[in-house]
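Report on the following structure.
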Amino acid sequence: MTEMPPPPGMLALRRELGQQIRSGDSGGASGTLIKLVFQEDDRQWLEDKCLELLQHPDINLQEIAITAFGHIARIHGRLNRPIAEEALVALAAMRPELAGHIDDTLSDFEIFLQ
């Protein structure tokens, strides 16, 4: 089965997100990622992008990725939970200031993922 490319609108948002990340526009990237979470059908792409952003040195991008994981769980009702949890727990160990936010997202997983 051949994978279909994303619709033009989603492709444009994906490109916009990439440009914002590369240019250091974490505020713009945050808004664009949340738009994608609510509009993008490709859950795996969203998860991969969030995992990538958890590794980004900009704490603002890490924070929006944490939030986005919670939204993905709520909106899509599924995600690769073991991989997401492992990445979130690892980030909490490296950035204790994010631990409360990460705990909230892990709670979202408990609530919205069966």
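83 is the number of the first residue of the sequence shown in our numbering; add one for each residue after it. Beta carbons: idealized from backbone N, C-alpha and C, even for Gly. Being a predicted model, the structure only gives us computed values, none of them experimental.
**Message:** Mapping the DSSP letters down to three states, classify Gly-91 as helix, strand or coil.
**Reply:** Secondary structure at Gly-91: helix, using DSSP grouped into helix, strand and coil.
**Message:** Let's test the definition: count the other Cβ atoms within 10 Å of the Cβ of Ala-175 and tell me whether it reaches 16, buried, or not, exposed.
**Reply:** Classification of Ala-175: exposed, given that the 10 Å Cβ count is below 16.
**Prompt:** Under the criterion of a Cβ to heavy atom distance below 7 angstroms, does Gln-144 qualify as lining the ligand MG?
**Reply:** For the ligand MG, the structure offers nothing, since it holds no ligand at all.
**Request:** Measuring alpha carbon to alpha carbon, tell me which of Leu-180, Gly-91, Gln-121 and Glu-167 ends up nearest Leu-133.
**Result:** Comparing Cα positions, the closest option is Glu-167.
**Request:** For my contact list, Leu-99 and Leu-115 are in at a C-beta cut-off of 8 angstroms; report their separation, rounded to the angstrom.
**Result:** That belief holds up - the Cβ atoms of Leu-99 and Leu-115 are roughly 6 angstroms apart, short of 8 angstroms.
**Request:** Could you please give the first and the last residue of the uninterrupted alpha helix (DSSP H) stretch that includes Glu-192?
**Result:** Where Glu-192 is concerned, the enclosing alpha helix (DSSP H) starts and stops at 181 to 194.
**Item:** Runs of alpha helix (DSSP H) wholly within the region 105 to 181 (minimum 4 residues, chain order)
**Value:** Within the region 105 to 181, the complete alpha helix (DSSP H) segments of 4 residues or longer fall at 108 to 121, 125 to 136, 141 to 158 and 163 to 176, listed in chain order.
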